[in-house]
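Data first, discussion second: the structure below is written as structure tokens.
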Amino acid sequence: MIFEKSSAGKAAWKLPPLDVPDVDTSKLLGNSERNDLGNMPEVSEIEIIRHFTRLSTWNYAIDLGMYPLGSCTMKYNPRVNEVVARLDGLANAHPYQPERASQGALRIMKTLSDCLTEITGMDAITLQPAAGAHGELTGLLMVRAYQQSKGNPRKKILIPDSAHGTNPATAATVGYAVENLKSNAQGMVDVAALGAQMNEDVAALMLTNPNTLGVFEQEIHKIAAILHAKGGLLYMDGANMNALVGKVRPGDFGVDLMHLNLHKTFSTPHGGGGPGSGPVAVKQFLEPFLPTPVVVAKSDGTLAFDYCRPQSVGRVRAFHGNFGMFVRALAYILANGPDGLRETTEDAVLNANYIRQGIEGTYDLPYLTPTMHEVVFSDRIQAKKGVKTMDIAKRLIDYGFHPYTTAFPLIVPGALMIEPTESESKEELDLFIEAMKSIAAEVEEDAETVLSAPHSTRVSRLDETAAARKPVLRWKPSL
Amino acid sequence: MKHFTRKATRHTSQNEGLIFEKSSAGKAAWRLPLLDVPEVDASKLLGDAERKDLGNMPEVSEIEIIRHFTRLSTWNYAIDLGMYPLGSCTMKYNPRVNEVVARLDGLANAHPYQPEQTLHPQSHASYEPE
Numbered sequence: 002m003i004f005e006k007s008s009a010g011k012a013a014w015k016l017p018p019l020d021v022p023d024v025d026t027s028k029l030l031g032n033s034e035r036n037d038l039g040n041m042p043e044v045s046e047i048e049i050i051r052h053f054t055r056l057s058t059w060n061y062a063i064d065l066g067m068y069p070l071g072s073c074t075m076k077y078n079p080r081v082n083e084v085v086a087r088l089d090g091l092a093n094a095h096p097y098q099p100e101r102a103s104q105g106a107l108r109i110m111k112t113l114s115d116c117l118t119e120i121t122g123m124d125a126i127t128l129q130p131a132a133g134a135h136g137e138l139t140g141l142l143m144v145r146a147y148q149q150s151k152g153n154p155r156k157k158i159l160i161p162d163s164a165h166g167t168n169p170a171t172a173a174t175v176g177y178a179v180e181n182l183k184s185n186a187q188g189m190v191d192v193a194a195l196g197a198q199m200n201e202d203v204a205a206l207m208l209t210n211p212n213t214l215g216v217f218e219q220e221i222h223k224i225a226a227i228l229h230a231k232g233g234l235l236y237m238d239g240a241n242m243n244a245l246v247g248k249v250r251p252g253d254f255g256v257d258l259m260h261l262n263l264h265k266t267f268s269t270p271h272g273g274g275g276p277g278s279g280p281v282a283v284k285q286f287l288e289p290f291l292p293t294p295v296v297v298a299k300s301d302g303t304l305a306f307d308y309c310r311p312q313s314v315g316r317v318r319a320f321h322g323n324f325g326m327f328v329r330a331l332a333y334i335l336a337n338g339p340d341g342l343r344e345t346t347e348d349a350v351l352n353a354n355y356i357r358q359g360i361e362g363t364y365d366l367p368y369l370t371p372t373m374h375e376v377v378f379s380d381r382i383q384a385k386k387g388v389k390t391m392d393i394a395k396r397l398i399d400y401g402f403h404p405y406t407t408a409f410p411l412i413v414p415g416a417l418m419i420e421p422t423e424s425e426s427k428e429e430l431d432l433f434i435e436a437m438k439s440i441a442a443e444v445e446e447d448a449e450t451v452l453s454a455p456h457s458t459r460v461s462r463l464d465e466t467a468a469a470r471k472p473v474l475r476w477k478p479s480l
Numbered sequence: 281m282k283h284f285t286r287k288a289t290r291h292t293s294q295n296e297g298l299i300f301e302k303s304s305a306g307k308a309a310w311r312l313p314l315l316d317v318p319e320v321d322a323s324k325l326l327g328d329a330e331r332k333d334l335g336n337m338p339e340v341s342e343i344e345i346i347r348h349f350t351r352l353s354t355w356n357y358a359i360d361l362g363m364y365p366l367g368s369c370t371m372k373y374n375p376r377v378n379e380v381v382a383r384l385d386g387l388a389n390a391h392p393y394q395p396e397q398t399l400h401p402q403s404h405a406s407y408e409p410e
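If you want it as structure tokens, here you go:
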């Protein structure tokens with residue numbers, strides 16, 4: 002801990018002699034004057050630099066190797082995004098700048114909005130939500146506001162059993178009951194069952210397409226028709242848009258509103274490098290409900306924020322969202338162009354299918370339906386030797402890879418959910434396939450090696466239950 | 281453990297070959313927009329000096345370049361990681377403020393063939409407090 006390196010009175014700075022009149026802070030601030038720093042680490046500059054440089058070498062990151070975390074789309078964050086985001090005028094812009102001094106920033110928001118509505122086939126968008134689940138929340142608040150405007154907010158949201166856990170959590174937060182929708186033998190929504198469950202109590206269906214098995218919902222147009230016939234809305238969780246960009250547009254297959262994850266599909270940093278960004282795109286009839294403010298073009302061609310929106314669900318984020326992510330996402334879109342984005346989608350699907358082909362048979366594939374940008378195996382074969390998906394994931398660390406997503410989606414017991422993204426070269430994919438086959442062989446010959454993995458790391462198996470049940474979220478001197 | 285050390289411990293470290301060994305013919309880390317100026321005939325312009333191929337250069341993707349050097353950087357020992365007591369070498373800390381100043385646009389992008397009057401900034405005066 003940097004606090005443990007602290008030495009009272011040590012400072013990493015040295016100021017030149019004061020060349021302006023001294024100010025009496027106690028007179029100026031009264032009781033608000035702070036006489037000490039509180040519990041801050043007092044260290045030298047080299048100690049700070051070494052502390053964080055050492056920690057950075059403990060990390061695994063997309064810049065070190067493949068990060069096949071299914072459903073998370075851990076793609077490479079192009080350096081050009083970072084160059085653009087660091088341009089003085091953008092990096093030092095302030096949200097309280099007057100609009101006339103913010104035309105460039107507003108233009109970025111407007112251009113990104115136009116690109117994203119074009120890519121999704123929707124009509125309008127808000128960039129405010131800070132991440133995917135926040136986008137879901139914003140979307141369902143709009144669903145509720147829309148249904149309310151029709152006279153009845155309705156009672157429930159339908160959610161397939163393969164959905165991300167955030168979907169039911171979002172529905173509950175917005176005050177809806179959740180009704181589970183069973184998948185059929187192909188891992189898709191059972192359209193007949195949906196027809197039976199749909200009624201005028203249903204406000205919306207939340208659907209991920211392709212779903213969490215990586216399977217495209219081929220009957221999406223029928224699903225949309227069933228919803229719309231009884232006044233329900235089709236909400237799409239856009240977490241898996243990396244399989245669709247430039248190929249099909251949700252707005253063309255009946256989706257009424259959806260969120261995007263700029264930190265997945267559009268290459269902005271993810272995880273520790275965040276923050277995220279979860280814009281929500283909607284069809285025209287939902288536009289009045291978008292969070293306030295929205296960017297509008299004035300008659301003189303300049304851009305402005307429009308706050309006068311009586312039907313809006315209100316503001317969902319301080320200022321205008323995570324603006325730095327808008328800059329990066331737009332840089333990614335413009336650097337790729339339409340053909341580049343299309344090729345990206347093709348490569349993402351190709352890479353996932355290369356892995357599927359490479360380890361099918363070695364690992365059990367519970368659904369044989371063709372998959373897109375990710376593939377879900379199960380640990381059924383290895384479980385016979387007592388080795389579970391979590392053990393295989395831990396062993397993968399010793400082979401130099403980040404683990405895949407374990408135990409999700411819930412409809413596959415012992416799931417291994419693998420999403421390589423388009424970023425990976427054939428060479429890295431081959432190394433991954435080799436590692437997965439090698440681990441499967443270890444399970445047969447020496448299961449203990451896998452069960453006690455990882456062996457090469459600073460720490461091995463942590464007590465994950467205690468970490469979840471009794472999390473220690475801050476360091477205290479007494480500990 | 282008899283020789284227990286508080287400073288270092290084991291750690292996953294990825295193997296890394298030469299960047300030339302990762303090369304795949306035709307792979308590129310760049311993509312240019314369509315040409316929006318008249319095309320130039322390089323062979324006419326350069327004659328014998330025209331270069332038809334890259335020679336023996338590694339052809340890799342951007343992420344392969346980034347990973348190659350990032351992985352190698354974790355193999356290194358440096359003054360930013362710990363003490364470097366190399367006698368006679370004075371391996372002292374390189375203050376970050378030096379790097380900030382050296383990266384200022386006007387300094388980082390100055391060219392030795394710039395005319396002298398553009399190399400004598402009024403900046404000389406502006407550095408001195410008035």
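Order-wise, the sequence lines are chains A and B.
Convert by adding 1 to the 1-based position in the first sequence; the result is the number in our numbering.
Convert by adding 280 to the 1-based position in the second sequence; the result is the number in our numbering.
Heads up, the beta-carbon is just placed ideally off N, CA and C, and yes, glycines get one too.
Given the structure is predicted, the values throughout are model-derived calculations rather than measurements.
Best match in the options for proximity to residue i [C-alpha to C-alpha]
i	options	result
A/Ser-379	A/Met-391, A/His-95, A/Asp-365	A/Asp-365
A/Pro-276	A/Pro-130, A/Trp-14, A/Ala-442, A/Thr-118	A/Pro-130
A/Asn-82	A/Ser-268, A/Ile-49, A/His-95	A/Ser-268
A/Ala-394	A/Asp-253, A/Glu-446, A/Leu-351, A/Thr-450	A/Thr-450
A/Met-110	A/Leu-128, A/Glu-137, A/Asp-37, A/Leu-56	A/Leu-128
A/Asn-210	A/Leu-234, A/Asn-243, A/Lys-385, A/Pro-292	A/Asn-243
A/Lys-183	A/Ser-439, A/Asp-162, A/Cys-73	A/Asp-162
A/Ser-457	A/Leu-245, A/His-165, A/Gly-322, A/Arg-396	A/Arg-396
B/Pro-248	B/Asn-378, B/Asp-385, B/Gly-306	It is not possible to answer for residue 248 of chain B, since the shown part of chain B is limited to 281 through 410.
B/Asp-360	B/Gln-397, B/Asn-295, B/Asn-374, B/Trp-310	B/Asn-374
A/Thr-213	A/Lys-15, A/Lys-389, A/Glu-375	A/Glu-375
A/Ala-62	A/Ala-193, A/Pro-270, A/Ala-226	A/Pro-270
A/His-321	A/Glu-344, A/Ile-334, A/Gly-279	A/Gly-279
Simplified DSSP state of residue i, which is helix, strand or coil
i	result
A/His-260	strand
A/Pro-161	strand
A/Ala-9	coil
B/Asn-378	helix
A/Phe-320	strand
B/Ile-359	coil
A/Phe-402	coil
A/Asp-20	coil
A/Val-283	strand
A/Val-144	helix
A/Asn-241	helix
A/Asn-337	helix
A/Val-192	helix
A/Val-85	helix
A/Glu-34	coil
A/Ser-45	coil
Partner residues on chain A for residue i, Cβ-Cβ distance less than 7 Å
i	result
B/Lys-302	Glu-428
B/Pro-365	Within 7 Å Cβ-Cβ: nothing; B/Pro-365 doesn't reach chain A, min ~14 Å.
B/Arg-311	Gly-341
B/Arg-351	Leu-65
Partners in chain B for residue i, counting only beta-carbon separations shorter than 8 Å
i	result
A/Asp-348	Chain B residues near A/Asp-348: none, gap ~11 Å exceeds 8 Å.
A/Tyr-77	Glu-342, Ile-343, Ile-346
A/Ile-50	Asp-360, Tyr-373, Arg-376
A/Ser-184	The premise fails here: A/Ser-184 is roughly 35 Å from chain B at the closest Cβ pair, so nothing lies under 8 Å.
Expected contact under 8 Å - CB spacing of residue i and residue j to nearest Å
i	j	result
A/Ala-107	A/Val-296	Going by the sequence as given, residue 107 of chain A is Leu instead of Ala. Confirmed, about 6 Å.
A/Leu-208	A/Asp-238	7 Å
A/Tyr-355	A/Leu-432	Not confirmed; about 12 Å, so no contact.
A/Gly-71	A/Met-373	Not confirmed; about 12 Å, so no contact.
A/Lys-265	A/Thr-466	Contact flag wrong, Cβ pair sits at about 29 Å.
Interface flag, residue i vs chain D, CB-CB below 8 Å
i	result
A/Gly-247	This model lacks chain D altogether; the protein chains it does include are A and B.
Per-residue contacts from residue i into chain A (C-beta, under 9 Å)
i	result
B/Leu-294	Reading off the sequence, residue 294 of chain B comes out as Gln, not Leu. Chain A residues near B/Gln-294: Leu-65, Gly-66, Gly-401.
Residue i: contacting residues in chain B (beta-carbon distance under 7 Å)
i	result
A/Thr-58	Thr-354
A/Ser-424	Ile-343
A/Arg-318	Per Cβ cutoff of 7 Å: no residues; A/Arg-318 is ~31 Å from chain B at best.
Chain-ordered chain A contacts of residue i [CB-CB under 8 Å]
i	result
B/Arg-290	Ser-457, Thr-458, Arg-459
B/Thr-370	Going along chain A, no residue has its Cβ under 8 Å from B/Thr-370, so there is no contact; the nearest lies around 14 Å.
Anything in the region 16-47 of chain A with a Cβ closer than 8 Å to a Cβ of chain B? List those residues in chain order, please.
Shown in chain order are the members of the region 16-47 of chain A whose Cβ falls below 8 Å from a Cβ of chain B: Asp-20, Glu-46, Ile-47.
To be precise: take each residue of the region 220-237 of chain A, compare its Cβ to all Cβ atoms of chain B, and keep it if any distance is under 8 Å. Which residues remain?
Under the 8 Å Cβ criterion, the region 220-237 of chain A contributes no residue.
Of the residues that make up the region 323-352 of chain A, which ones have a beta carbon closer than 7 Å to any beta carbon in chain B?
Within the region 323-352 of chain A, the residues whose Cβ lies closer than 7 Å to some Cβ of chain B are Gly-341, listed in chain order.
Residues of the region 313-333 of chain B in Cβ contact with chain A at a cutoff of 7 Å, in chain order, please.
Of all residues in the region 313-333 of chain B, none places a beta-carbon less than 7 Å from a beta-carbon of chain A.
Anything in the region 397-421 of chain A with a Cβ closer than 8 Å to a Cβ of chain B? List those residues in chain order, please.
Taking 8 Å as the Cβ-Cβ cut-off against chain B, the residues of the region 397-421 of chain A that qualify are Ile-398, Asp-399, Gly-401.
At a Cβ cut of 8 Å, what residues of the region 454-470 of chain A count as close to chain B, listed as they run along the chain?
From the region 454-470 of chain A, only Pro-455, Ser-457, Thr-458, Arg-459 have a Cβ closer than 8 Å to chain B.
Within 7 Å of chain B by C-beta, residues of the region 146-176 of chain A in sequence order:
Residues passing the 7 Å Cβ filter: none.
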